[in-house]
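**Q** Here the sequence shown is numbered in the working numbering, starting from 1445 and rising by one per residue.
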Amino acid sequence: MLQGATGAAVCTAAFAAVPGVPPGPFSGSGRDSWTKGASVSGERILVVDDEPMMGQLLVRSLGNLGFQVTRVGSGPEALALAATDDFAAVTTDLRMPGMNGLELCDALRASNPSLPVIVITGHADLASAVAAMRVGAYDFLIKPFESASLDFAVKRAIERSSLKKELKLLRSSLPVPAQLGSLIGSSAPMRDVGQLLARVAPSDSSVLITGESGTGKELVARALHRESRRQEGPFVAINCAALPPQLLESELFGYERGAFTDARTPKAGLFVEADGGTLFLDEVTELPVALQSKLLRALQERVVRPLGGRKEIPFDVRIVAATNVDVDLAVRERRMREDLYFRINVIEVSLPPLRARGNDVIELAEHFLGYFTTRMQKQTIGFTPEVTRHLLQYGWPGNVRELQNTIERAVALASHDRITLEDLPPKIVQAKRVDVIDDDTPLVTLEAMEKRHILSVLQRCNGSKSAAARVLGLDRSTLWRRLDRFRLDEEPKPD
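#1: Which residue marks the beginning of the alpha helix (DSSP H) containing R1670, and which one marks its end?
#2: Is the beta carbon of A1527 less than 8 Å from the beta carbon of T1536?
#3: Do you know how far the Cα of L1725 is from the Cα of D1648?
#4: Distance, Cα to Cα, D1804 vs I1872?
#5: Within the same chain, show all residues whose beta-carbon is closer than 8 Å to that of G1865, passing over the 5 residues directly before and after it, in chain order.
#6: Would you list the one or two residues that DSSP bridges to S1737?
#7: Quick check on K1599: does DSSP put it in helix, strand or coil?
#8: Just to confirm, are T1729 and H1669 a CB contact at a threshold of 8 Å?
#9: Which residue wins for smallest C-alpha separation from G1519, given the options D1530, S1505, L1502, N1544?
#10: Give the DSSP bridge partners of R1862, in chain order.
#11: Assuming P1750 contacts V1574 under a Cβ cut-off of 8 Å, what Cβ separation, rounded to an integer in Å, is found between them?
#12: Using CA atoms only, rank isn't needed, just tell me which of A1809, F1786, D1636, G1486 is closest to D1530.
#13: Can you list, in chain order, the residues of its chain with a C-beta nearer than 8 Å to that of G1481? Leave out the 5 residues immediately preceding and following it.
#14: Out of S1558, D1928, V1579, state which residue places its alpha-carbon closest to the alpha-carbon of E1603.
#15: Measure the CB-CB distance between T1824 and L1808 and report whether it falls below 8 Å.
#16: Identify the residues that DSSP records as bridge partners of Y1699: which are they?
#17: Let me check understanding here. Comparing Cα to Cα, which of R1600, L1739, K1755 lies closest to P1689?
#18: Under 8 Å, with one C-beta from each stretch per pair, do the region 1791-1799 and the region 1838-1853 reach the 3-pair mark?
#19: Assuming A1742 contacts V1748 under a Cβ cut-off of 8 Å, what Cβ separation, rounded to an integer in Å, is found between them?
#20: By how many angstroms is the C-alpha of I1788 removed from the C-alpha of R1779?
#21: Can you give the beta carbon distance from L1506 to I1489, rounded, assuming they're within the 8 Å contact cut?
#22: Between the Cα of D1595 and those of V1503, R1578, G1629, spot the shortest distance and give me the residue it belongs to.
#23: Within 10 angstroms of the Cβ of F1786, are there 16 or more other Cβ atoms? Answer buried if so, exposed if not.
#24: Just mark L1585 as buried or exposed, buried being the case when its beta carbon has 16 or more other beta carbons within 10 Å.
#25: From the DSSP output, which residues share a beta bridge with A1681?
#26: Can you tell me which of the three DSSP states L1490 falls into?
#27: How would you write the range of the beta strand (DSSP E) that T1514 sits in, first residue to last?
#28: Would you kindly check if the distance between the Cβ of V1790 and the Cβ of A1665 is under 8 Å?
#29: Taking 7 Å as the limit between beta carbons, can you name the residues of its chain near E1695, skipping five residues before and five after?
#30: Rounding to the nearest angstrom, what Cα-Cα distance links P1496 and P1710 in this structure?
#31: Could you check whether T1659 and T1767 sit closer than 8 Å to each other, using their CB atoms as the reference points?
#32: Can you say whether D1928 is buried or exposed, counting buried as having 16 or more other CB atoms within 10 angstroms of its CB?
#33: So, for E1656: in the same chain, excluding its five sequence neighbours on each side, which residues have a beta-carbon less than 7 Å away from its beta-carbon?
#34: Quick check on this structure: which residue in G1802, A1524, G1720, R1926 has the alpha carbon closest to the alpha carbon of L1836?
#35: From I1881 to E1846, what does the alpha carbon distance come to, in whole angstroms?
#36: For A1645, collect the residues of the same chain with a Cβ closer than 7 Å to its Cβ; drop the 5 residues on either side in sequence, then sort them by chain order.
Below, the structure is given as structure tokens:
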């Protein structure tokens, strides 16, 4: 068992139970390096401790466990060494003169986000543990602790760091998946979305992504994560509408052994699994109201208590939520707590439906065409003019997801160098463009056309004024004024 000590004899006695560590006092100070046996080529660990005795104990213990260990006595020394050398993990004492362990952890996270830091202290208080986790510490050990606990914490930290590096390498080597087409487009609505995402991504503020099904909400959430300072951390997603309430609660918060039938082993919840990264709550408005209360408390306190557990576990995640319903209406109907809505809706990103994105349809179609022709090893190089016209006039109720599936189907069926009408689903070929004026259409005033169009959009949005405003590119107050002017406020179903 390791613990702090002021004398060599006491220090040795405290460490005598650790297998493989020879008895006898340690000597020396400053920087130490030690590895058990010349043949061991384990991961490199940096130990930071201003107490020479405790520092050397850690060096010996980790060395006997097969690691290559270097010790320094201060935070600035550690920062300088970490900037030039490649370490797999860092252990640091919490209380040190000058730069303490929390300040060092924060600085290391800023300079090297993928380097895991384990904070060690002799003061067992929850506040210190929470503070350590908030500045990015991977784990928190309280002296005295067994050598096995140190071994487990360091190895687990290294494994997670290695997985992050492998994931980053894998991402950089893979071609851009077709689904990222949801972020492609030069239309004004998508330019606005892109500019907002660029401003939002670097922050840790909660984001609510709204939009119809198929507009690419999860892909936008992944883009936010990929461009954030948490990109080295995990991206964990859950569909809140896909699980029954009890299972959803255990998935989010975890559970202890014996918490319920079949809970034979403890399980970390998604908040803990997403620590250091992003937690994406899809269909967040479908959460049961009772569970919304527990979620709200977790977001406020930044801690979770597993089912059947007594201890609260701190977490450090960014929350990105999404919904395809009118959230204001859900709040008014008390299907969603207003305080939770305000908590997750710090920044709203509203994704336009594909029918409101104009020529983006063709840009996306060409992107998908290139992707699927490569994947299927086809020679298809484009669309006939008739196909382009039908793609533009179709309403795309399934949005980008439907367009992607349509192009994949067309490439699979294509027998020529261009996609023809024969390769499109009949519903797209037979669709009529409703906004074209032909010779038989009665001439009407511009105001009458605007009134008719607003009414049509409201009906297609099931009477939701918030959704209609997004489609029309208006804010809600402007839409309300036009509804009042055209006396349409009573025609569609109210919000």
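Glycine is no exception: its CB is placed at the ideal position from the N, C-alpha and C atoms. It should be emphasised that the depicted structure is a prediction, and the values quoted were computed from it without experimental measurement.
**A** Once the coordinates are examined:
#1: On the sequence shown, position 226 is the one that residue 1670 refers to. It spans 1661-1670 - the alpha helix (DSSP H) in which R1670 sits, taken as one unbroken run.
#2: If you number the sequence shown from 1, residue 1527 lands on position 83. If you number the sequence shown from 1, residue 1536 lands on position 92. Result no, Cβ atoms of A1527 and T1536 do not sit closer than 8 Å.
#3: Against the sequence shown, residue 1648 aligns to sequence position 204. Against the sequence shown, residue 1725 aligns to sequence position 281. Approximately 15 Å, taken between the alpha carbons.
#4: Working through the sequence shown from its first residue, we reach residue 1804 at position 360. Working through the sequence shown from its first residue, we reach residue 1872 at position 428. Taking the straight line joining both Cα atoms gives about 17 Å.
#5: By 1-based counting over the sequence shown, the position of residue 1865 is 421. Note that residue 1865 corresponds to Leu in the displayed sequence, not to Gly. These residues qualify, in order along the chain: T1828, E1830, V1831, H1834, V1873.
#6: Reading the sequence shown from its first residue, position 293 is the one you call residue 1737. Paired residue(s): none; S1737 is not in a bridge.
#7: Stepping through the sequence shown from its first residue, residue 1599 is reached at position 155. If DSSP states are grouped into helix, strand and coil, K1599 belongs with the helices.
#8: Numbered from 1 along the sequence shown, position 285 holds the residue referred to as residue 1729. Numbered from 1 along the sequence shown, position 225 holds the residue referred to as residue 1669. Not a contact, by the Cβ cut-off of 8 Å.
#9: By 1-based counting over the sequence shown, the position of residue 1519 is 75. With distances taken between Cα atoms, G1519 lies closest to N1544.
#10: On the sequence shown, position 418 is the one that residue 1862 refers to. In the DSSP assignment, R1862 is bridged to G1826.
#11: Locating residue 1750 in the sequence shown gives position 306, where the first residue counts as 1. Locating residue 1574 in the sequence shown gives position 130, where the first residue counts as 1. Actually they are not in contact, since the Cβ atoms of P1750 and V1574 sit about 16 Å apart, beyond 8 Å.
#12: For the purposes of this step, residue 1530 is taken as the residue at position 86 of the sequence shown. The option with the nearest alpha carbon to D1530 is G1486.
#13: Residue mapping note: residue 1481 aligns to position 37 of the sequence shown, counting from 1. Its pLDDT being 39, under 50, G1481 is placed unreliably in this model, and the coordinates cannot settle the point.
#14: On the sequence shown, residue 1603 is found 159 positions in, with the first residue counted as 1. The shortest Cα separation from E1603 among S1558, D1928, V1579 belongs to S1558.
#15: Against the sequence shown, residue 1824 aligns to sequence position 380. Against the sequence shown, residue 1808 aligns to sequence position 364. The answer is no: Cβ separation not under 8 Å.
#16: Numbered from 1 along the sequence shown, position 255 holds the residue referred to as residue 1699. K1711, L1751, per the DSSP bridge assignment.
#17: The residue you call residue 1689 lines up with position 245 of the sequence shown. Checked all of R1600, L1739, K1755; the closest Cα to P1689 is L1739.
#18: yes
#19: As a position in the sequence shown, residue 1742 is number 298, starting the count at 1. As a position in the sequence shown, residue 1748 is number 304, starting the count at 1. Sure, about 5 Å apart at Cβ, within 8 Å.
#20: As a first step, residue 1779 must be located in the sequence shown, where it is residue number 335. As a first step, residue 1788 must be located in the sequence shown, where it is residue number 344. Cα-Cα distance, rounded: 15 Å.
#21: The residue labelled residue 1506 in the question sits at position 62 within the sequence shown. The residue labelled residue 1489 in the question sits at position 45 within the sequence shown. Sure, about 5 Å apart at Cβ, within 8 Å.
#22: As a position in the sequence shown, residue 1595 is number 151, starting the count at 1. Taking each of V1503, R1578, G1629 in turn and checking the Cα distance to D1595, the smallest one comes out for V1503.
#23: Within the sequence shown, residue 1786 is the residue found at index 342, counting from 1. Answer is exposed; the Cβ neighbour count stays below 16.
#24: Residue 1585 sits at position 141 when you count from the first residue of the sequence shown. Label assigned to L1585: buried.
#25: Translated into the one-based positions of the sequence shown, residue 1681 becomes position 237. According to DSSP, A1681 bridges with F1724.
#26: Your numbering for residue 1490 matches position 46 in the sequence shown. L1490 falls in the strand class under three-state DSSP.
#27: The residue you call residue 1514 lines up with position 70 of the sequence shown. Unbroken beta strand (DSSP E) run through T1514: 1512-1516.
#28: Looking up residue 1665 in the sequence shown gives position 221. Looking up residue 1790 in the sequence shown gives position 346. Going by C-beta atoms, A1665 is not nearer than 8 Å to V1790.
#29: The sequence position of residue 1695 within the sequence shown is 251, counting from 1. The residues are I1682, L1687, G1713, L1714.
#30: Counted from its first residue, the sequence shown places residue 1496 at position 52. Counted from its first residue, the sequence shown places residue 1710 at position 266. Cα to Cα, P1496 sits roughly 38 Å from P1710.
#31: Along the sequence shown, one-based indexing puts residue 1767 at 323. Along the sequence shown, one-based indexing puts residue 1659 at 215. Against a cut-off of 8 Å, the Cβ pair of T1659 and T1767 comes out as no contact.
#32: Translated into positions along the sequence shown, residue 1928 becomes position 484. Classification for D1928: exposed.
#33: Taking the first residue of the sequence shown as 1, we reach residue 1656 at position 212. N1768, P1797, N1843, listed in sequence order.
#34: Position 392 of the sequence shown holds residue 1836. When only C-alpha atoms are compared, the closest one is G1802.
#35: As a first step, residue 1881 is located in the sequence shown; it is residue number 437 there, counting from the start. As a first step, residue 1846 is located in the sequence shown; it is residue number 402 there, counting from the start. The pLDDT assigned to I1881 is 44, lower than 50, so where the model puts this residue is not dependable, and the model offers no usable value.
#36: As a position in the sequence shown, residue 1645 is number 201, starting the count at 1. Cβ within range, chain order: L1668, E1671, S1672.
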